[in-house]
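Report on the following structure.
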Amino acid sequence: APATTPAVGDPAAVPGRGYLAQPLVRDLFFADPSAHVFNGKLYIYPSHDIDTGVPDDDLGSQYAMRDYHVLSMDRPGGPVTVHPVALDVAQVPWASARMWAPDAAYKNGTYYLYFPAHDRDGVFRIGVATSQSPTGPFTPEAEPIRGSFSIDPSVFTDTDGGSYMYFGGIWGGQLQRWQGNRYDASVGDTDLRQDDRPAIAPRVARMTPDMKQFAEAPREIQLLDQSGQPILGGDHERRFFEAAWTFKRGGKYYFTYSTGDTHRIAYAIGDSPYGPFRFTGFVLEPVQGWTNHHSIVEWDGRWWLFYHDTQLSQRNHLRSAKMTELRFNADGTIQTVNPFRN
Ligand code: FUB
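Take the sequence shown: its position 132, counted from the start at 1, is 141 in mature numbering (1 follows the signal peptide of the UniProt record, and there is no 0), and no numbers get skipped.
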């Protein structure tokens, strides 16, 4: 049965941006929180962090997750329900390990869970599983999405009903091995170290109407600086690393992402779901812990940032999901959140 944790705080009673910035769940560890509002209720699709004793390395081998649970809330600051296992790696015919950051979508009465995992050859692919309930259990497709690779899928549905998957992550996420959408195992485990060339690009692909395949070959997303030049591989403060998340506000598309080894969540704004996107600033300063991974959703007219950190566990691979309000300036820029300051 679902377990419900106590309310994390009453937003009306405690002012300030950080008032909710305490773990949403304290007895299990959840990271990479992808939040969605379905039928007025908030659902979070996070990674489920576990301690397997795998030592930390630069490929994220310590993130040896095996299953997913869905979290839900009726109101900001209300009790958080942890639903039973929604999908386990043992149920996925093609997957062998590393159930990393998932996302979800809804269309025509069906809920879709998208998730990256190592296939039997240790190559990251992206899978999809379906359910009639937002909390699962989800039934996986027998094969990964054709033409999918790397990690951190997130699916954005535009106001015209078209859905797009954004994905990719470098280093342990293997995106550097997929230049031209073909896998090259001889490429190493880090950046390409081509500091004066455009950085490795995240990918986007429109989804088929049944939400189970790509309707096109993944396209490279152009991330530009304010003068319209590509962000370069050596620009670790701003280049894409992982954790793509796209939303639309005021007719503009916001492509947000983690800068990885500089630990920030950055954002870039464009006029099309395909980009190009111009770097505009930062959503979130570094949190405690190596990874920084987030989602942004509008709920009842307010915008919310979901993120994680390691304050509860003090361990990189045992992260806790949190939420806080996200505020915009009149010109559409985002007021950067400092997770250490309310
Ligand atoms: O949770 C495993 C990985 O850590 C995610 O896929 C990355 O985005 C990072 O948060």
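Don't be surprised by glycine CBs; every beta carbon is placed ideally from N, CA and C.
CA-to-CA distance, residue j to residue i, given in whole angstroms
{"i": "Gly170", "j": "Pro64", "result": "43 Å"}
{"i": "Asn338", "j": "Ser105", "result": "45 Å"}
{"i": "Lys261", "j": "Asp234", "result": "17 Å"}
{"i": "Gly224", "j": "Pro153", "result": "Before going further, note that residue 224 is Ala rather than Gly in the sequence given. Each residue's Cα considered, the two are about 14 Å apart."}
{"i": "Asp244", "j": "Gln183", "result": "19 Å"}
{"i": "Arg258", "j": "Gly62", "result": "42 Å"}
{"i": "Tyr115", "j": "Asp340", "result": "31 Å"}
{"i": "Leu335", "j": "Pro143", "result": "24 Å"}
{"i": "Ser329", "j": "Gln31", "result": "9 Å"}
{"i": "Leu68", "j": "Ser281", "result": "32 Å"}
{"i": "Phe124", "j": "Phe250", "result": "18 Å"}
{"i": "Gln185", "j": "Leu51", "result": "34 Å"}
{"i": "residue 355", "j": "Val306", "result": "Residue 355 is absent from the model: the chain starts at 10 and stops at 351."}
Below-8 Å beta-carbon distance, residue i vs any chain D residue
{"i": "Asn117", "result": "Here chain D cannot be found, since the structure has a single protein chain."}
Which listed residue (the options) has its alpha carbon closest to that of residue i
{"i": "Tyr173", "options": "Thr300, Pro211 and Ala194", "result": "Pro211"}
{"i": "Pro93", "options": "Pro85, Gly69, Gly145 and Leu51", "result": "Gly145"}
{"i": "Ile300", "options": "Phe315, Asp76 and Asn325", "result": "Reading the sequence as shown, one finds Thr at residue 300 and not Ile. Comparing Cα positions, the closest option is Asn325."}
{"i": "Pro227", "options": "Asp244, Pro111, Ile278 and Ser159", "result": "Ser159"}
{"i": "Ser236", "options": "Phe286, Ile53, Asp270 and Asp200", "result": "Phe286"}
{"i": "Ile135", "options": "Met216, Leu33 and Trp312", "result": "Met216"}
Residue i: CB within 7 Å of a non-hydrogen atom of the ligand FUB
{"i": "Ala224", "result": "no"}
{"i": "Thr61", "result": "no"}
{"i": "Tyr72", "result": "yes"}
{"i": "Trp109", "result": "yes"}
{"i": "Ala104", "result": "no"}
{"i": "Ser267", "result": "yes"}
{"i": "Gly178", "result": "yes"}
{"i": "Ile160", "result": "yes"}
{"i": "Thr319", "result": "no"}
Own chain partners of residue i with C-beta closer than 6 Å, once the 5 adjacent residues on each side are dropped
{"i": "Pro207", "result": "Pro239"}
{"i": "Ala252", "result": "Asp161, Tyr266, Ser267 and His302"}
{"i": "Arg248", "result": "Ala208 and Ile240"}
{"i": "Asn347", "result": "Glu294"}
{"i": "Val98", "result": "Arg75, Ala104 and Met108"}
{"i": "Gln231", "result": "Gly284 and Pro285"}
Requested in this report: Could you tell me whether the stretch 264-275 touches the stretch 287-299, where touching means 3 or more Cβ pairs closer than 8 Å?
Outcome: yes
Query raised in the report: At a cut of 8 Å, does the stretch 36-54 reach the stretch 303-321 through at least three beta carbon pairs?
Result: Segments in contact, yes.
Query raised in the report: With contact counted as at least three CB pairs below 8 Å, one residue from each stretch, are the stretch 180-199 and the stretch 78-89 in contact?
Result: no
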